[in-house]
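To get the working numbering, take the position in the sequence shown, counting from 1, and add 24. Positions of the beta carbon are idealized from the N, C-alpha and C atoms, including for glycine. In this text, all values refer to a predicted model and were calculated from it rather than measured experimentally.
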Amino acid sequence: MNQESGSVSTVGFPVFAVREWAARLYEQERLEQDAAWWRLAWPFLLALTLGAAAVAVAWRWPIRRSDYAFGSVVVLAAAAVGVVVGGLLRLRAVRKRRAAAAARPATVESLPESARAAVLASPRLRFRWPADEPSFTAARDSVASLAPMGEFAAAVLVWALTMRGRVDGTLEDWVRGRHP
25 MNQESGSVST
35 VGFPVFAVRE
45 WAARLYEQER
55 LEQDAAWWRL
65 AWPFLLALTL
75 GAAAVAVAWR
85 WPIRRSDYAF
95 GSVVVLAAAA
105 VGVVVGGLLR
115 LRAVRKRRAA
125 AAARPATVES
135 LPESARAAVL
145 ASPRLRFRWP
155 ADEPSFTAAR
165 DSVASLAPMG
175 EFAAAVLVWA
185 LTMRGRVDGT
195 LEDWVRGRHP
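Structure below.
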């Protein structure tokens, strides 16, 4: 930090470390949403519904006499099995990704000090922290202009340091512009 001008020096700014940190934090936040029980449980609920439909068709129409009934039961049962297999594969993938993210977590404390200083010393944040779209966009652009880190990394930095826990919406919502 340059004491005379109050600005942050971009010489030696850890651009690649900040980009990697931003990508890891973004992935962690997305995995927290993907691991919600209802996101993981819907394939199994759908499989139960398809299985119940197969049983209902088999019970209502005689399978041995009607090719349509037999075909319907086979298709519904196969769909139920396929959905269960897909749900198990997704569950396994989410668990693996969460384990990999937990092995190397991205926290605000692990962020390089110069990157933290670049965000917190931004003139846009001197009097008011962002709480809506225009102020977030202005703060993101201000931070992105300080170093060649890119808009994505700047958005993740601004959200993590100034907005997390203070605003509605997730990191993904704010980065993609879908915030509430």
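Problem set entry | Terminal residues of the alpha helix (DSSP H) in which ARG140 lies | 137 to 144
Exercise. Is it right to say ARG200 is buried, meaning 16 or more other beta carbons lie within 10 angstroms of its own, or is it exposed?
Worked result: With fewer than 16 other Cβ atoms within 10 Å, it is exposed.
For this session: Evaluate contact between the stretch 120 to 128 and the stretch 147 to 154, counting only Cβ atoms and requiring at least three cross-stretch pairs below 8 Å.
Result: no
Exercise. Are the stretch 131 to 147 and the stretch 169 to 188 touching by the rule of at least three beta carbon pairs closer than 8 Å?
Worked result: yes
Exercise. Quick one: Cα of MET25 to Cα of ALA139, how far?
Worked result: Because MET25 sits at a pLDDT of 45, beneath the cut-off of 50, its placement in the model cannot be relied upon, and the point is left open.
Problem set entry | Contact set for PHE94: own chain, Cβ-Cβ below 7 Å, skip 5 residues either direction | ILE87
For this session: Give the single residue among PHE160, PHE37, ALA47 and PHE40 whose Cα lies nearest to the Cα of THR131.
Result: ALA47
Problem set entry | Proximal residues to ALA78 (C-beta, below 7 Å), its chain only, five neighbours per side dropped | VAL97, LEU100, ALA101 and ALA104
Exercise. Since PRO136 contacts ALA41 with CB under 8 Å, what's their CB separation in whole angstroms?
Worked result: Beta-carbon to beta-carbon, PRO136 and ALA41 are separated by about 5 Å, close enough to satisfy the 8 Å threshold.
For this session: Would you check if the distance between the CB atom of TRP153 and the CB atom of ALA179 is smaller than 8 Å?
Result: no
For this session: Give the secondary structure of ARG152 by DSSP, where H, G and I count as helix, E and B as strand, and everything else as coil.
Result: coil
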